Amino acid sequence: MDTPITHSQTLKSKPDATALGFGTNFTDHMFNMDYTADKGWHAPRIEPYAPIEMDPATMFLHYGQGVFEGLKAYRTATGKIQLFRPQENIKRLNRSCKRLCIPAVDENMVLDAMKQLISLEKDWVPDAPETSLYIRPTIIAMDPFLGVRASYTYRLFIILSPVGAYYPEGFNPVKIMVTSDYVRAVRGGVGEAKTPGNYAASLLAGEQAHDAGYTQVLWLDGVEQKYLEEVGAMNIFFVIDNEIITPALNGSILPGITRDSVIELARHWNERVSERKISIDELMEAHDAGKLQEGFGAGTAAVISPVGEIKYRDRVITIADNRVGPVAQKYYQAITDIQYGKADDPKSWIVPVS
Ligand code: PLP
Ligand code: COI
């Protein structure tokens, strides 16, 4: 497929690749495509990056019918550009679409569109260590209508943003706070979909965590508020008694692709890894028994992010002396080495762009 391109007449200057934060700079072009009931998904096109004009009654603005994804393009030492498991993101996009009553997209077509956009914007893929080009495919409901139902029209767009570390801490341990006052998602809800409302639901607890000096919230299950679920923008792992443990997917946890990659690598290396229910009490008891060796988050934006401190009610525990532990270090290295083309790709996760 050759997507028609309208070139921007005013190219932006690129930010300093050694001072990139997360999600503040955007490239010159974006991909757009529309859906109507009679034409299906149609009019794929690459256009100058620009605001989207919409009617104030646009359904997305009122009822949040939308989904998005987050993945990255990496520049290798030889200057090539590559993606990490992009098919998994597009499959998850379609699963999110299904949950939000949004018509599915053609997975090959979206991957192709993504590659074409990145090829056009290749000079925006930064080459400083630990930087990448973040890719944000998004679909929003476009009908101007105030009744509650699924929209008949949609816009899909893909924007690109050169990024550095997600957390100001970089790869240093983050402090996370368990909330008992709020829940992010419940089974049967939309927790396993990547949809804006989940993030809106997380903000108040996130602000309270920040005010208390913590970077992120560790969510408990929405039914009993007993079992660990995930962190605001990443899945969670703990190492207890030499076993790597992550909460099992239960319908309210986002099925992270980085999470899956950690599990697959652990199995590939014959390490002890399990996906199971783990309660906050079990975590605290493991800590008290001296068996809690490490904690780390896993996500596209956050990569592998060691957890150095956890607050739960009136208790604060320190993990791995608030330093980067060997397991977090090993998985961070292994995954980023594959992403940046520094190591073999034993699972065929890499998809080249150029
Ligand atoms: N959990 C939440 C709520 C997220 O937003 C993310 C990021 O996408 C993740 C987990 C990690 O998922 P992935 O590894 O696919 O980026
Ligand atoms: C990601 O890791 O891609 C995320 O979506 C996390 C956050 C920026 C929402």
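Counting from 4, one number per residue, gives the positions in the sequence shown under our numbering.
All residues carry an ideal CB built from backbone N, CA and C; glycine is no exception.
All figures in this text were calculated on a predicted structure; none of them were measured in a lab.
> Looking at T303 and ligand 2, is the gap between the Cβ and the nearest heavy atom below 8 angstroms?
Replying inline: Here the question's residue 303 lines up with position 300 in the sequence shown. Under cutoff, so the answer is yes.
> Less than 8 angstroms between the CB of M117 and some heavy atom of ligand 1, yes or no?
Replying inline: Taking the first residue of the sequence shown as 1, we reach residue 117 at position 114. Incorrect: M117 has no Cβ contact closer than 8 angstroms to ligand 1.
> Say the cut is 8 angstroms; is the CB of F174 nearer than that to a heavy atom of ligand 2?
Replying inline: Here residue 174 corresponds to residue number 171 of the sequence shown, with the count starting at 1. No, Cβ of F174 sits at least 8 angstroms from all heavy atoms of ligand 2.
> The alpha helix (DSSP H) spanning Q2 covers which residue range?
Replying inline: There is simply no residue 2 to check, as the chain begins at 4 and stops at 357 in what is shown.
>> Which residue wins for smallest C-alpha separation from A236, given the options A20, F25, L14 and P18?
In response: Within the sequence shown, residue 236 is the residue found at index 233, counting from 1. Of the listed residues, the one whose Cα sits closest to A236 is F25.
> On the three-state DSSP scale, how would you describe E312?
Replying inline: For the purposes of this step, residue 312 is taken as residue 309 along the sequence shown, with counting starting at 1. Of the three classes helix, strand and coil, the one that applies to E312 here is strand, per DSSP.
> From K83 to P165, what distance separates their C-alpha atoms?
Replying inline: Here residue 83 corresponds to residue number 80 of the sequence shown, with the count starting at 1. Here residue 165 corresponds to residue number 162 of the sequence shown, with the count starting at 1. Using only the alpha carbons, I get a separation of about 16 angstroms.
> With 16 as the cutoff for other CB atoms within 10 Å, does G216 come out buried or exposed?
Replying inline: Mapped onto the sequence shown, residue 216 falls at position 213. When all chains shown are included, G216 counts as exposed.
> Do V265 and Y334 have their CB atoms nearer than 9 angstroms?
Replying inline: The residue labelled residue 265 in the question sits at position 262 within the sequence shown. The residue labelled residue 334 in the question sits at position 331 within the sequence shown. Yes, they are a contact pair.
>> As a quick exercise: from Q219, V108 and R102, pick the residue whose alpha carbon is nearest that of G200.
In response: Counted from its first residue, the sequence shown places residue 200 at position 197. Out of Q219, V108 and R102, R102 has the C-alpha closest to the C-alpha of G200.
> Cα separation between A168 and V151?
Replying inline: The residue given as residue 168 occupies position 165 in the sequence shown. The residue given as residue 151 occupies position 148 in the sequence shown. Rounded to the nearest angstrom, the two C-alpha atoms are 39 angstroms apart.
>> Can you check which of these residues, Q296, F71, L257 and F148, is closest to I248 by C-alpha distance?
In response: Within the sequence shown, residue 248 is the residue found at index 245, counting from 1. Ranking Q296, F71, L257 and F148 by Cα distance to I248 puts Q296 first.
> What do you reckon, is the C-beta of M287 under 8 angstroms from a heavy atom of ligand 4?
Replying inline: The model on display carries ligand 1 and ligand 2 but not ligand 4.
> In the structure shown, what three-state DSSP assignment does H45 receive?
Replying inline: One-based indexing of the sequence shown puts residue 45 at position 42. Strand, per DSSP.
> With 16 other CB atoms within 10 Å as the buried threshold, where does K118 fall?
Replying inline: Working through the sequence shown from its first residue, we reach residue 118 at position 115. That one is buried.
> By a C-beta neighbour count over all protein chains shown, 10 Å radius and 16 as the cutoff for buried, is T81 buried or exposed?
Replying inline: Here residue 81 is taken as the residue at index 78 of the sequence shown, counted from 1. The residue in question, T81, is exposed, as its Cβ has fewer than 16 Cβ neighbours within 10 Å.
> Beta-carbon separation of R158 and G73 under 9 angstroms?
Replying inline: Working through the sequence shown from its first residue, we reach residue 158 at position 155. Working through the sequence shown from its first residue, we reach residue 73 at position 70. No, the pair does not count as a contact, with Cβ atoms beyond the cut-off.
> In whole angstroms, what is the alpha-carbon distance linking E133 and R270?
Replying inline: As a first step, residue 133 is located in the sequence shown; it is residue number 130 there, counting from the start. As a first step, residue 270 is located in the sequence shown; it is residue number 267 there, counting from the start. One C-alpha to the other measures close to 26 angstroms.
> Using the C-alpha atoms, what's the distance from G43 back to T232?
Replying inline: Taking the first residue of the sequence shown as position 1, residue 232 is located at position 229. Taking the first residue of the sequence shown as position 1, residue 43 is located at position 40. Residue identity check: residue 232 is Glu in the sequence provided, not Thr. Distance between the alpha carbons of E232 and G43 is about 36 angstroms.
> Just checking my contact of I281 with Y230 at CB under 8 angstroms: how many whole Å lie between their CB atoms?
Replying inline: Counting from one through the sequence shown, the residue named residue 281 turns up at place 278. Counting from one through the sequence shown, the residue named residue 230 turns up at place 227. Sure, about 7 angstroms apart at Cβ, within 8 angstroms.
> Curious, which full-length alpha helix (DSSP H) runs of at least 4 residues does the region 72 to 140 contain?
Replying inline: 89 to 102 and 110 to 123
> F63 by DSSP, collapsed to three states: which one?
Replying inline: Here residue 63 corresponds to residue number 60 of the sequence shown, with the count starting at 1. Helix, per DSSP.
>> Let me confirm a value: N325 is counted as buried when at least 16 other C-beta atoms fall within 10 Å, else exposed. Which label applies?
In response: Within the sequence shown, residue 325 is the residue found at index 322, counting from 1. N325 comes out exposed.
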